[in-house]
DNA sequence: CTGTTAGCGCTTTCAC
DNA sequence: GTGAAAGCGCTAACAG
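Protein chains in written order, with my numbering: chain A, 33 to 394; chain B, 33 to 394.
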């Protein structure tokens with residue numbers, strides 16, 4: 033069964049310099065161990081009970097000798113499942129994404145999946161391209177933090193296609209599980225904090241929000257809450273759009289913002305800026321610092337949803353999202369569906385946590 | 033050959049609601065188009081010249097009708113190459129990693145690869161596990177930003193194994209291409225900047241550096257440069273280790289650092305802290321702010337290698353790495369080796385760029 | 001307990 | 001031009 037000199041045909045090819053040593057296959061191992069592929073397969077899949085101690089030892093030795101590694105591609109092909117999950121992130125540059133990612137990784141680790149991380153980098157073409165790719169690689173499920181732009185490519189997911197769960201934002205026409213922040217509650221938390229600290233001039237600053245559900249919800253809740261709470265006081269609430277994609281637009285928008293601040297100042301009051309997320313908050317802080325210097329906090333208050341690492345350093349009051357949990361839960365949702373659960377689409381909305389810092393002095 | 037009722041065996045198992053409609057295979061398409069699998073394959077691979085216009089049209093229609101997507105796993109298995117590259121990152125929490133990642137993605141896009149992103153999260157087990165995984169998925173090459181801890185699992189890469197290129201740091205005993213910052217030049221740039229601005233008390237603050245080549249090189253260059261440059265002046269240079277992994281150790285280390293600052297102050301001078309990277313810089317800035325308040329810059333100068341997004345906001349002088357280029361070049365190196373190039377291992381060291389801000393007033 | 005036999009979905013000779 | 005057949009590396013019935 034085993035040809036005399038078998039040990040060396042391996043040495044011969046991998047020895048030299050940069051030659052490609054063609055990895056050992058299951059057949060090689062079988063031959064080396066003097067048995068059939070089936071037994072090797074059994075060994076690999078932990079069906080040890082069905083192997084005589086002797087055979088088992090020989091297999092172990094052969095694997096070791098050949099430095100054998102089962103080919104996952106082949107396995108997946110045969111089994112029809114590859115334990116791959118797709119994670120499509122709109123923008124890894126946003127710490128939020130990285131944190132969600134960590135939660136996803138933890139859950140994948142726990143549940144035995146391998147996440148395929150894809151980064152759309154805010155480009156719709158990339159989003160489309162990766163979605164394609166994930167499909168052709170036959171991932172068993174996808175976690176999508178979409179750009180928000182209407183994207184027909186996404187449709188096939190929920191319907192006929194792969195199980196999917198949305199993170200942070202919904203996608204028009206896609207009926208899938210969803211997990212993210214309780215946006216309304218978070219916005220309320222922020223507004224109430226500002227109101228309690230005596231601010232009467234509130235400006236909600238947000239990126240274009242028509243297509244991004246989380247932004248839309250935050251903005252709506254801000255308005256509802258700021259107006260509703262007026263009570264005896266004379267509260268002015270406004271929404272201001274800041275499109276970070278184009279520098280020119282940013283400058284103009286920032287200049288317009290200054291008007292609110294100046295108006296409030298004229299009235300002897302301090303304006304409170306409510307940033308819808310970290311990227312906006314950074315841009316705002318940068319602007320305020322450039323305009324008013326290191327003491328900008330005396331000219332305008334700032335609060336933001338999201339809690340990036342620099343918030344502490346800059347002393348900015350924030351509403352932190354339980355990002356890790358969000359990622360973790362997304363995988364759990366997906367897992368259930370992959371395992372065949374048939375239930376109505378669910379939504380998990382986690383509460384945010386207010387972290388008070390120097391930017392909203394009372 | 034084909035059993036009469038074939039259309040419904042699909043409906044049978046997945047009928048319910050959100051069940052899986054088993055994706056169409058190449059055979060399905062062939063049948064639908066009334067031809068053989070070979071032609072479909074040819075079509076998929078762009079061998080259009082070998083197809084009659086008629087057949088071609090039928091294939092196009094069939095693919096469309098069945099929403100067919102070729103299975104990459106199967107393709108890869110058959111071809112022996114899957115266009116997958118592994119990217120193993122020590123810590124995605126570090127903006128540096130995300131930026132390198134972006135360069136890698138751009139290059140992959142340009143060269144037709146799909147990056148498998150793996151995040152070790154500073155855990156050696158994770159690093160090992162992902163390395164295993166990448167191997168079993170038969171990626172064609174790996175880009176490794178290693179933890180630095182000696183890791184035998186890495187060995188198989190360069191030798192018999194998969195082509196690899198190291199990013200930012202070397203790995204003991206692994207002879208592979210390497211791309212990163214010109215650490216010596218960067219450290220020199222920083223020291224010279226400080227010296228030119230009149231600082232005579234320099235402290236280089238770095239995480240444990242025995243196992244991380246980039247830290248080692250920066251530290252060595254700092255010492256060489258700071259000492260060498262003394263000239264007529266009386267320059268004091270010291271290296272201080274800050275281990276960010278344990279809070280207790282951080283506190284103690286930070287307290288010790290205060291001594292340097294106090295000493296310099298007693299002499300009527302201001303101490304200059306040189307952070308070896310962004311995480312250290314953040315910790316330092318946080319500490320200084322806690323200790324001296326918003327005006328901390330008057331008590332100690334701070335400069336750092338790396339240029340995170342908050343550096344501008346905090347007004348910290350930095351030495352920026354061309355991160356995108358680093359990632360891009362890594363892929364190019366890998367690509368050449370994958371294509372079969374046999375050359376001595378190379379190293380690309382990119383220069384850093386000094387960005388002067390308020391933290392190092394002259 | 002162990003091996004033989006079919007394929008998974010695709011590419012690729014090699015004939016027609 | 002086009003298709004039939006033989007696998008890529010692995011698993012999963014079936015026999016012994």
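The beta-carbon is built from N, C-alpha and C at its ideal position, and this holds for glycine as well. Source: prediction; values computed, not measured.
At 7 Å on the CB atoms, spell out the chain A contacts of residue i, in chain order.
{"i": "residue 185 of chain B", "result": "Going along chain A, no residue has its Cβ under 7 Å from residue 185 of chain B, so there is no contact; the nearest lies around 12 Å."}
{"i": "residue 146 of chain B", "result": "165"}
{"i": "residue 69 of chain B", "result": "In chain order: nothing, as chain A lies at least about 16 Å away."}
{"i": "residue 117 of chain B", "result": "Going along chain A, no residue has its Cβ under 7 Å from residue 117 of chain B, so there is no contact; the nearest lies around 12 Å."}
{"i": "residue 305 of chain B", "result": "Under the 7 Å cutoff, chain A gives no residues; its nearest Cβ is about 15 Å from residue 305 of chain B."}
{"i": "residue 109 of chain B", "result": "105, 106 and 109"}
For residue i, go through chain B and note every residue whose CB falls closer than 7 Å to its CB, in chain order.
{"i": "residue 169 of chain A", "result": "104 and 105"}
In the DSSP output, which residue or residues are listed as bridge partners for residue i?
{"i": "residue 149 of chain A", "result": "A:119"}
{"i": "residue 385 of chain B", "result": "B:352"}
{"i": "residue 303 of chain A", "result": "A:233 and A:332"}
{"i": "residue 269 of chain B", "result": "B:234"}
{"i": "residue 198 of chain B", "result": "B:176 and B:210"}
{"i": "residue 337 of chain A", "result": "A:351"}
{"i": "residue 380 of chain A", "result": "A:211"}
Counting only beta-carbon separations shorter than 8 Å, does residue i have a partner in chain A?
{"i": "residue 151 of chain B", "result": "yes"}
{"i": "residue 114 of chain B", "result": "yes"}
{"i": "residue 333 of chain B", "result": "no"}
{"i": "residue 125 of chain B", "result": "yes"}
{"i": "residue 336 of chain B", "result": "no"}
{"i": "residue 317 of chain B", "result": "yes"}
{"i": "residue 388 of chain B", "result": "no"}
{"i": "residue 223 of chain B", "result": "no"}
Around the C-beta of residue i, are 16 or more other C-beta atoms found within 10 angstroms, so that it is buried, or is it exposed?
{"i": "residue 291 of chain A", "result": "exposed"}
{"i": "residue 362 of chain A", "result": "buried"}
{"i": "residue 246 of chain A", "result": "buried"}
{"i": "residue 39 of chain A", "result": "At residue 39 of chain A, the pLDDT of 33 sits below 50, so the modelled position is not reliable; the number obtained from the coordinates is stated separately. The residue is exposed, with fewer than 16 neighbouring Cβ atoms inside 10 Å."}
{"i": "residue 372 of chain A", "result": "exposed"}
{"i": "residue 176 of chain B", "result": "buried"}
{"i": "residue 259 of chain B", "result": "exposed"}
{"i": "residue 311 of chain B", "result": "buried"}
{"i": "residue 374 of chain A", "result": "exposed"}
{"i": "residue 77 of chain A", "result": "exposed"}
{"i": "residue 314 of chain B", "result": "buried"}
So, does the CB of residue i fall closer than 8 Å to a CB anywhere in chain B?
{"i": "residue 328 of chain A", "result": "no"}
{"i": "residue 134 of chain A", "result": "yes"}
Note down, in chain order, every chain A residue with its Cβ under 8 Å from the Cβ of residue i.
{"i": "residue 346 of chain B", "result": "342, 345 and 346"}
{"i": "residue 314 of chain B", "result": "341, 342 and 345"}
With residue i as the anchor, note down where its alpha helix (DSSP H) starts and where it stops.
{"i": "residue 23 of chain B", "result": "With chain B covering only 33 through 394, there is no way to say anything about residue 23 of chain B."}
{"i": "residue 215 of chain B", "result": "215-228"}
{"i": "residue 167 of chain B", "result": "156-168"}
{"i": "residue 96 of chain A", "result": "85-98"}
{"i": "residue 81 of chain A", "result": "Counting along the chain, residue 81 of chain A falls outside any alpha helix (DSSP H), and DSSP gives it neither H nor E."}
{"i": "residue 392 of chain B", "result": "Note, residue 392 of chain B: premise wrong, no alpha helix (DSSP H); not H, not E."}
{"i": "residue 204 of chain A", "result": "Per DSSP, residue 204 of chain A belongs to no alpha helix (DSSP H) and is neither H nor E."}
{"i": "residue 256 of chain A", "result": "245-260"}
{"i": "residue 241 of chain A", "result": "Run containing residue 241 of chain A: none; DSSP gives neither H nor E here."}
{"i": "residue 64 of chain B", "result": "58-65"}
{"i": "residue 315 of chain B", "result": "310-324"}
{"i": "residue 295 of chain A", "result": "279-298"}
Which residues in chain A have a C-beta closer than 9 Å to the C-beta of residue i? List them in chain order.
{"i": "residue 101 of chain B", "result": "164, 167, 168 and 170"}
{"i": "residue 396 of chain B", "result": "Since the first residue shown for chain B is 33 and the last is 394, residue 396 of chain B is missing from the structure and cannot be characterised."}
Cβ closer than 8 Å: which chain B residues qualify as neighbours of residue i?
{"i": "residue 137 of chain A", "result": "151 and 153"}
{"i": "residue 130 of chain A", "result": "124, 125 and 130"}
Using a C-beta to C-beta distance shorter than 9 Å, which residues of chain B count as neighbours of residue i?
{"i": "residue 325 of chain A", "result": "Within chain B, no residue comes near residue 325 of chain A; the closest Cβ sits about 10 Å away, beyond 9 Å."}
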